[in-house]
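Chains as they are written, first to last, in UniProt numbering: chain A, 1 to 191; chain B, 1 to 183.
Every residue, glycine too, gets a C-beta built ideally from N, C-alpha and C.
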């Protein structure tokens, strides 16, 4: 999710599309939208992948709207209860909501970007504790598998994690598991 | 590095135990030994029943062969730790504890429970201490920001445990932050 050209996270985060409204007519580029038309008419909308949208927007050939993943509905849902929103639904399985947000932020002007940045940081901080808590809880369970009493909320939360949060979850879980194993290990078992 | 991802982020508890085992500890040897040179330094001579200061790894080795008795360090007793535990539960900061108390106490309680008075009670106090501090660090997580972050009096094992995801979270927050004035 960094600006590093080679960062896999950044590349994967850009695997999203923006809805763009073209301002001019562009002949012979109809295939960009995946449709069967030959030309792009002015004022027509297309879904353009982010890496292509950068150039198109900077060259002022199109405008774009803030993606639904960061729209008003999502924003209100997050304000109500940060942990109930399923981020993985907003960006597709394996996608990164935060990464998508960052790439979007880079295109926006200052004011909108600031708003988006605040939304992203508040959401992240709000969900972080829950992620870590669950990771540590799951570090305790043996290989027998998830217990049935974790509750629907925990499971729903875990399914709703986006790629970035999943990473964190794994890190925290690994760390906790190592600690637990170390504490239980005794000299007698080693010698 | 060619380490698996989970090992790239921090040291393993066993490695920290190894580092902590270099600390010196007092023992009552049951055998005699001349001043011997080891890689880390010369230790001995061991003249029972006089006490001697040797590294923990050596003390553990001798103890397992039943060749010494280990003296608990000044902080490994119920009064000290109970006082710290009370401090932990009443005040909001972390209480001062020896930096590697977790590793040293685990090793000593493991090999020499007979040499340390109230070993079982100590185990419980240590567990409570650990949990109290963990709860506090969890609260600190809520105040995480992309800038600096300090946890005074946090100990070696605890730092190691939280390091991977704390640092990653701070990195993510840094990414998400928008510097005003950027295009």
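Legend: CB atoms of the segment 68-81 of chain B lying less than 9 Å from CB atoms of chain A are not found in any residue.
A straight line joining the alpha-carbon of residue 123 (chain B) with that of residue 109 (chain B) spans about 8 Å. For residue 128 (chain B), the closest alpha carbon among the candidates B:5, B:83 and B:62 is that of B:83. Judged by DSSP secondary structure, residue 79 (chain A) falls within the alpha helix (DSSP H) whose first and last residues are 72-80. For residue 22 (chain A), the uninterrupted beta strand (DSSP E) segment begins and ends at 17-22.
Residue 21 (chain B) has a beta carbon lying at 8 Å or more from every beta carbon in chain A. A Cβ of chain A is located within less than 8 Å of the beta carbon of residue 172 (chain B). For residue 53 (chain B), there is no enclosing alpha helix (DSSP H); the enclosing beta strand (DSSP E) has its first and last residue at 52-55. By the neighbour-count definition (other C-beta atoms within 10 Å, threshold 16), residue 171 (chain B) is an exposed residue. In chain order, 6, 9, 10, 160, 161, 162, 163, 164 and 165 make up the part of chain B whose C-beta sits under 9 Å from the C-beta of residue 175 (chain A). Listed along chain A, the residues sitting closer than 7 Å to residue 14 (chain B) by beta-carbon distance are 182. A residue is called buried once 16 or more other Cβ atoms fall within 10 Å of its Cβ, and residue 17 (chain B) is buried on that count.
The residue from B:59, B:74 and B:30 with its alpha-carbon nearest to that of residue 48 (chain B) is B:30. A contact between stretches requires three or more CB pairs, one per stretch, nearer than 8 Å, and the segment 143-152 of chain B fails this requirement with the segment 173-183 of chain A.
In the DSSP assignment, residue 46 (chain A) falls within the unbroken beta strand (DSSP E) covering 45-49. Residue 140 (chain A) has a beta carbon lying at 8 Å or more from every beta carbon in chain B. Listed in chain order, the alpha helix (DSSP H) runs fully inside the segment 19-72 of chain B are 56-64, counting runs of at least 4 residues. For residue 26 (chain A), the secondary structure class from DSSP, reduced to helix, strand or coil, is strand.
Taking the CA atoms as reference points, residue 118 (chain B) sits about 42 Å from residue 155 (chain A).
In its chain, beyond the 5 residues on either side, 23 have a beta carbon closer than 8 Å to the beta carbon of residue 60 (chain A). Residues of chain A whose Cβ lies closer than 9 Å to the Cβ of residue 136 (chain B) do not exist; the shortest such Cβ separation is about 13 Å. Here the segment 89-100 of chain B does not lie against the segment 37-55 of chain B, with fewer than 3 beta-carbon pairs under 8 Å apart. Looking at the backbone, the Cα of residue 167 (chain B) and that of residue 85 (chain B) are separated by about 28 Å. Of the residues assessed, residue 13 (chain B) falls on the buried side of the cut-off, its CB having 16 or more other CB atoms within 10 angstroms.
Rounded to whole angstroms, residue 51 (chain A) and residue 97 (chain B) show a C-alpha spacing of 52 Å. Residue burial annotation: residue 71 (chain A) is exposed, with fewer than 16 other C-beta atoms found within 10 angstroms of its C-beta. Put simply, the backbone Cα of residue 137 (chain A) is about 20 Å away from that of residue 126 (chain B). For residue 170 (chain A), same chain residues with a beta-carbon under 8 Å away, outside a window of 5 residues either side, are 135 in chain order. Excluding residues up to 5 positions away in sequence, 39 and 40 lie with their Cβ nearer than 8 Å to the Cβ of residue 29 (chain A) in the same chain.
Chain A places no beta carbon closer than 8 Å to that of residue 18 (chain B), leaving this residue out of the contacts. In the three-state scheme derived from DSSP, where H, G and I count as helix and E and B as strand, residue 62 (chain A) is classed as strand. When rounded, the separation of the alpha-carbon atoms in residue 64 (chain B) and residue 112 (chain B) is 9 Å. Taken through DSSP and simplified to helix, strand or coil, residue 116 (chain B) comes out as coil.
Residue pairing from DSSP places residue 40 (chain A) in a beta bridge opposite A:26.
Think of a sphere of 9 Å around the beta carbon of residue 69 (chain A): no beta carbon from chain B falls inside it, the nearest being about 14 Å out.
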